[in-house]
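Everything below concerns the one structure shown next.
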Amino acid sequence: MRYSMLILNLILLSVNSISSQSVSLYKTYQKYFPIGVAVMSDALKEHATDSLIKFHFKSLSPENEMKPEVIQPQMGKFDFSKGDSLVAYAQRNDMRLRGHCLVWHNQTPKWFFSDNGGVISKAKLYKRMKNHINNTMRHYAGKVYLWDVVNEAAGDEEGAVYREKNSSWYKICGKDYIVKAFQYAKKADPNALLFYNDYDTEQPLKRSHVFQLLKDAKAAGAPIDGIGLQAHWSIYEPSEKNLRETLDLFSSLGLKIQITELDISVYPIENIRRKLRDGEELQYTPELAQKQQEQYEMVFRVFRDYKHVITGVTLWGLTDKNTWLDTFPVAGRKNYPLLFDVDGNEKACFKSIVGF
Ligand code: XIL
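So for the sequence shown, the working numbering puts the first residue at 704; every next one is plus one.
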């Protein structure tokens, strides 16, 4: 009896896994754009994760493995081991690899900006920037096809085109650091595509800042190939109108566009860390699933309409079991922003984007 139950279970399990893997995401979008996923190097070792990634994705992004704090934790001590494991995985599985990221105010070690206990001079900081870009891009030349050269340099507040307050890059160098970073990157690996990457690019105020920043940088000689829209979105925004306007605006600059960090939170968008409020943590109810499905359906419909300018769409994580949104902006608030549930099963939003 027990034996036959076991057989039955095994049959059910295999039927389940076949039906849950019936449509490959990247194959469905083959005529549109490559579909990618951000991963941590450890996740590649898990069998379940590994097969899901291979079945659905053709492009990888390192969630943390190529950030300055990982690559150069101490001055001059480069550690490419984690990034290299992603390179090996991408090569084995015939996937593209996006580089993320070279110049950012976050996840960059403090030593970058200090010198003999004080603030470093602009000239010395440029040397460090150049050295970091050279070493990193040369190490990954021919392996990483594209880099987010500068990440999140635009300001969030009214009147601030640039992130002035909490960016040591800006405080020490002014806005020219953006141009310099792209120029160094172009020299370091002339074959890599060079992108500027930012968030909230669909909100009219932030969008106008990003637009101004890109126009200024291009005019000052920055070799920028494209813009990455991070797309940390929510079931409440962006609206279809704002999304279409954004894609029109940035493509009018002659830039290629990639959706680089897509996830759709079940909470409203917020960018400042804060504590959990009583009773605000949501269960993933059928109503929320429905709203999320509609939002995923809408944004992918728009992406397909813009396939002439969109050259890649990347999800910022694989399943709801592991998402950075469980810790940001509110630590300990569970979120459900991705296409696969905590057990790796396809959610309704997955079905809504492959069933067009
Ligand atoms: C996040 C990672 O997902 C987290 O694991 C890490 O702790 C913090 O950074 N914008 C970016 C990404 O450009 O690099 C961030 O990734 C999410 C916001």
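Yeah, the Cβ is synthetic: ideal placement off N, Cα and C, and Gly gets one too.
Contact between Ile774 and Asp782 holds: CB atoms are separated by about 6 Å, below the 8 Å threshold. Contact check for Leu849 against Gly957 fails: the beta carbons are separated by 9 Å or more. Non-local C-beta neighbours of Asn945 in its own chain, meaning closer than 6 Å and more than five positions away in sequence, comprise Glu905, ordered along the chain. Between the segment 906-922 and the segment 836-848, the count of C-beta pairs closer than 8 Å stays below three; the two stretches do not touch.
When C-alpha distances from Glu983 are compared across Ser754, Ser955, Asp966 and Val1033, the shortest belongs to Val1033. In terms of Cα proximity to Val1045, the closest of Ile960, Lys994 and Tyr987 is Tyr987.
Taking non-hydrogen atoms of ligand 1 into account, the C-beta of Asn809 is found less than 8 Å away from one of them. Between Gln995 and Cys1052, the C-beta gap is smaller than 9 Å, which places the two residues in contact. With 16 or more other CB atoms across the displayed protein chains lying within 10 angstroms of its CB, Met832 is buried. Within the model, the alpha-carbon separation for Asp745 versus Lys1050 is close to 24 Å. The beta carbon of Glu867 lies closer than 8 Å to those of Gly858, Tyr873 and Lys874 in the same chain, with the five residues before and after it left out. Here Gln810 is exposed. Its C-beta has fewer than 16 other C-beta atoms within 10 Å. In the three-state scheme derived from DSSP, where H, G and I count as helix and E and B as strand, Phe760 is classed as coil. The continuous beta strand (DSSP E) containing Arg801 extends over residues Arg799 to Val806.
The beta-carbon distance between Cys876 and Lys825, rounded to whole angstroms, is 5 Å. This is short enough to meet the 8 Å contact definition.
For Gly821, the beta-bridge partners assigned by DSSP are Asp818.
In this structure, the beta-carbon distance from Leu1021 to Gly1058 does not fall below 9 Å. The beta carbon of Phe953 lies closer than 6 Å to those of Ile930 and Ile960 in the same chain, with the five residues before and after it left out.
Taking a C-beta distance under 9 Å as the contact criterion, Asp1023 and Phe1003 do not qualify as a contact pair. With a cutoff of 9 Å on beta-carbon distance, Ile836 and Ala925 are scored as not near each other.
With respect to the 9 Å criterion, Tyr865 and Leu916 are classified as neighbours on the basis of their beta carbons. Using a 10 angstroms sphere on the CB of Asp903, the tally of other CB atoms reaches 16 or more, which defines it as buried. Taking a contact as a CB-CB distance under 8 Å, the pair Leu985 and Val969 counts as one, their CB atoms being some 6 Å apart. One alpha carbon belongs to Ala793, the other to Lys1010, and they sit about 24 Å apart.
The beta carbon of Lys770 sits closer than 6 Å to the beta carbons of Gln810 from its chain, once the five residues preceding and following it are set aside; these are given in chain order.
Shortest Cα-Cα distance from Pro765 to any of Lys813, Pro893, Pro776 and Val740 involves Val740. As DSSP reads the structure, Leu896 sits in a beta bridge with Leu849. Looking only at Met1001, Tyr1039, Tyr735 and Ala863, the smallest Cα-Cα distance to Glu940 is reached by Met1001. Residues of the same chain with a CB within less than 7 Å of the CB of Lys734, apart from the 5 flanking positions on each side, do not exist.
The C-alpha of Ala922 is placed about 13 Å away from the C-alpha of Lys883.
Per the coordinates, the alpha-carbon of Lys918 lies some 16 Å from the alpha-carbon of Gly862.
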